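Numbering (numbering that gives the first Met the number 0), first residue to last: 0 to 261. Cβ coordinates follow ideal geometry from the N, Cα and C atoms, glycine included. Being a predicted model, the structure only gives us computed values, none of them experimental. Working notes, structure below.
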Amino acid sequence: MQEKTAYPAANDVHGILETHFAEVFSGEALAEIQQNFQNEHVVPLRGFCPPELLKALQNEASGIMDEHGVDRSFNFDITDGTPRQMTTVGQPIIKDHGPLIDAVYFSGALKTLLTDVFGEEVFTCPYAGEHYVISRLGKSGDTHGWHWDDYTYGFILVLETPDYRDGGFVQAVPHTSWDKENPDVHGALLSSQVRSYAFQPGDAYVIKTNTTMHRVYPIRGETQRTIVNTTWASRSDLDRDMTHETNDALFGGTGEAQPVAV
């Protein structure tokens, strides 16, 4: 009889991450990540997720996606007509069925790491619908097209990804701006350098999303890319009025605004 694998419980997540981060993201390694973020506004966190937690998160996200995933296909005028073609699950469903994902987002260890990397204190997103979402590119041509985000920072955990030859890698154009009334993707591409980043399952990346235009290159063939996307607010974000048009369209966005401790 095959022995059943024991996975971490949600209340174990903080300790697992804290121990892992002390080994992987400290000293010179952390200093290099901090410098790279200041230069590029996107930086990979290689080996972010320890193996015993990665498998559990993969299984949790896959189960949620298989049962609750909704196919989406949009072209958003607000981002200059760029496409979104993917399968998604929004925050309310994950809140009910994804205790590990929820525990990662609300882990003090993650908040401390992100604060160290960004060089300023960050806060959980005031709008619960943007705390965390799952997206999967699972059909040839699926993509998360060029866009910016309203809140300052994003943290993305990569659970499944194609070989870069089959797409699914991240591209970013830092030091750009989003004018919702007159979005100009091509102008941003012409004025700044495009950087590309490939990842492995268990990697993560952080990005200054409000001034870094970014996309996921379309996948091709029989392959999949599955990620958990989380949103983080800077202190200045807490004082600004925000809208959530694209999040609500892609992920359901029924989360209510919540007070944030500062």
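Residues of its chain near residue i, where Cβ-Cβ distance is below 6 Å and the 5 sequence neighbours each way are ignored
i             : result
proline 98    : Ala9
asparagine 35 : Val42
arginine 219  : Ser139, Asp165 and Gly166
aspartate 70  : Thr86
tyrosine 163  : Ala197
Distance between residue j and residue i (C-alpha atoms, nearest Å)
i              : j                 : result
alanine 28     : proline 182       : 37 Å
aspartate 95   : phenylalanine 105 : 15 Å
aspartate 247  : threonine 211     : 21 Å
glutamine 223  : glutamate 120     : 34 Å
leucine 16     : alanine 102       : 10 Å
arginine 83    : aspartate 238     : 29 Å
cysteine 124   : leucine 249       : 17 Å
glutamate 244  : threonine 175     : 20 Å
arginine 234   : valine 227        : 23 Å
glutamate 180  : isoleucine 100    : 35 Å
isoleucine 32  : leucine 188       : 25 Å
serine 190     : histidine 40      : 16 Å
serine 195     : arginine 45       : 15 Å
methionine 241 : tyrosine 150      : 8 Å
asparagine 38  : proline 7         : 36 Å
glutamate 59   : serine 25         : 29 Å
glutamate 22   : glycine 118       : 20 Å
glutamate 51   : aspartate 236     : 35 Å
Reference residue i, options the options, closest by Cα
i                 : options                          : result
phenylalanine 198 : Ala102, Thr210 and Asp165        : Asp165
leucine 158       : Gly14, Val23 and Phe47           : Phe47
phenylalanine 20  : Pro49, Arg71, Asp240 and Asp238  : Pro49
glycine 201       : Val69, Ile155 and Gly251         : Ile155
proline 161       : Gly153, Gly137 and Gln170        : Gly137
tryptophan 231    : Glu51, Ile100, Tyr131 and Glu22  : Tyr131
aspartate 178     : Asp70, Phe122, Ala171 and Asp148 : Asp148
glycine 265       : Glu51, Leu44, Asp70 and Ile93    : Not covered by the structure: residue 265. The range shown for the chain is 0 to 261.
glutamate 129     : Tyr152, Arg45 and Phe24          : Tyr152
threonine 229     : Ala203, Glu221 and Pro217        : Ala203
glutamate 221     : Phe168, Gln37 and Asp141         : Asp141
glycine 251       : Ser25, Glu22, Pro217 and Gly68   : Gly68
Close-in-space but distant-in-sequence residues of the same chain around residue i (CB under 8 Å, 5 per side omitted)
i             : result
aspartate 79  : Trp145, Pro182, Asp183, Val184 and His185
methionine 64 : Thr86, Val88, Ile133, Arg135 and Thr225
threonine 81  : Asn74, Phe75, Gly144, Trp145, His146, Val184 and Arg214
valine 275    : Residue 275 is absent from the structure shown; the chain starts at 0 and stops at 261.
proline 258   : At proline 258, the pLDDT of 48 sits below 50, so the modelled position is not reliable; the number obtained from the coordinates is stated separately. Answer for proline 258: Pro125, listed in chain order.
tyrosine 216  : Thr142, Gly166, Gly167, Phe168, Val169, Gln170 and Ser195
Close-in-space but distant-in-sequence residues of the same chain around residue i (CB under 7 Å, 5 per side omitted)
i            : result
alanine 108  : His13, Leu16, Glu17 and Phe20
lysine 110   : Val121
alanine 5    : none
aspartate 11 : none
glutamate 66 : none
Exercise for the section: Report yes or no: do the region 106-114 and the region 68-76 share at least 3 C-beta pairs separated by less than 8 Å? Expected result: Judged by Cβ distances under 8 Å, the region 106-114 makes no contact with the region 68-76, as fewer than three pairs qualify.
Exercise for the section: State whether the region 50-63 contacts the region 204-218, with contact taken as three or more CB pairs (one from each stretch) at a distance under 8 Å. Expected result: Between the region 50-63 and the region 204-218 there are fewer than three C-beta pairs closer than 8 Å, too few to call the two in contact.
Problem - Entirely enclosed beta strand (DSSP E) segments - the region 19-97, minimum 3 residues - result: Entirely contained in the region 19-97, the beta strand (DSSP E) runs reaching 3 residues are, in chain order, 41-44, 69-75 and 81-88.
Exercise for the section: Taking only runs that begin and end inside the region 159-224, name each unbroken alpha helix (DSSP H) of 4 or more residues, in chain order. Expected result: Secondary structure in the region 159-224: the alpha helix (DSSP H) runs of 4 residues or longer, each lying completely within the stretch, are 184-190 in chain order.
Problem - Minimum length 3: unbroken beta strand (DSSP E) runs contained in the region 112-149 - result: If one requires a minimum length of 3 residues, the beta strand (DSSP E) runs lying completely within the region 112-149 are 121-123, 131-136 and 142-146, in chain order.
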